[in-house]
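Everything below concerns the one structure shown next.
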Amino acid sequence: MAKQNRNILITGGTGILGSAVTKAYLTQGDTVAVTYLFDNEVDRFKQYNPALSEDVTFLFADVTEESEVQKTVQSFITQFSHIDILVNIVGGFIGGTPTAELEEDRWNFMMDLNLKSVFLCCKTVIPYMTERGYGKIVNVSARAGLKGEAGLSAYCVSKGGVRTLTESLAAEVMDSGINVNAIMPSIMDTPANREAMPDEDHSRWVAPADVAKVICFLTSDDASIINGAAIPVYGRA
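This note's numbering runs 4 ahead of the 1-based position in the sequence shown.
Shown next as structure tokens:
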């Protein structure tokens, strides 16, 4: 595979999916920086990905705070001169509580982590991409964002918001040389999901490495005609 040598910022790049995406880009010869919030995230990444650690730049950032995002993106630009690709992976899941019983702080947590983080990172990065007339952004929505489900209102709304935000952004930047797309995972084959659902047929789940391939394709020049899409990556789940 030809070397790409693009500059890539991945939020949540220390997690299971983030690690797979980071590895995929590094394999292509790209330069990768990932955000983290807690030191143990970096320690865990280095423990499970020792071969990658020396090639990754770790940037501390609370991506739910605009000032933190601005500082982090500016640090990235200072170090690497420009940003070609942004992949927004930071997110989380809270479920199992009916909306009438859901505490406000848990609702806000889902909105901040899953939706506000994407908004702030895209808002901050797009002007730099617009200035160069080039950029690729991939956001992580979810199948749950397509339809409300009982006990999952906050998660469904936040992930549905990511999909809608992606569509709005794509329409705004389509003439600026920037592509904005989203992926919609269902259940990925991770240790945490296996522990939570030990009796499920894990062979039907999607491997993070396969999701990473889709993200890499969406940020390739071969996908330059794809803009504002929400790509299902369900596998057989």
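By construction, the Cβ of each residue, glycine as well, lies at the ideal position given by its N, Cα and C atoms. Computed from a predicted structure; not experimentally measured.
As DSSP reads the structure, Val-73 sits in no beta bridge. If you ignore the 5 residues before and after Ala-233, its C-beta comes within less than 6 Å of the C-beta of Asn-185, all in its own chain and listed in chain order. The beta-carbon separation of Tyr-238 and Arg-147, rounded to 6 Å, stays under the 8 Å limit for a contact.
As the crow flies, the alpha-carbon of Glu-72 is around 10 Å from that of Cys-125. Look at Thr-82 here: in three-state DSSP terms it is helix. Distance from the CA atom of Asp-116 to the CA atom of Arg-240, rounded to whole angstroms, is 30 Å. In this structure, Thr-15 and Ile-93 form a Cβ contact; the two beta carbons are roughly 6 Å apart against a cut-off of 8 Å.
Segment contact: the segment 172–182 against the segment 127–137, three or more CB-CB distances shorter than 8 Å; contact assigned. Sequence-distant Cβ neighbours of Ala-55 in its own chain, meaning closer than 8 Å and more than five residues away, do not exist here. Beta-carbon to beta-carbon, Tyr-138 and Gly-181 are separated by about 5 Å, close enough to satisfy the 8 Å threshold. Taking 8 Å as the cut-off, the beta carbon of Ser-162 is found no closer than this to the beta carbon of Thr-103.
Distance check between Thr-76 and each of Ser-85, Thr-68, Ile-87 and Phe-64 places Phe-64 closest, using alpha-carbon atoms only. Leu-21 places its beta carbon 8 Å or farther from that of Val-142. Using a Cβ distance threshold of 8 Å, Trp-209 and Met-192 count as a contacting pair. The C-alpha of Leu-173 lies about 16 Å from the C-alpha of Ile-235.
Closest in C-alpha terms to Gly-96, from the list Tyr-40, Gly-164, Ser-224 and Phe-113, comes Phe-113.
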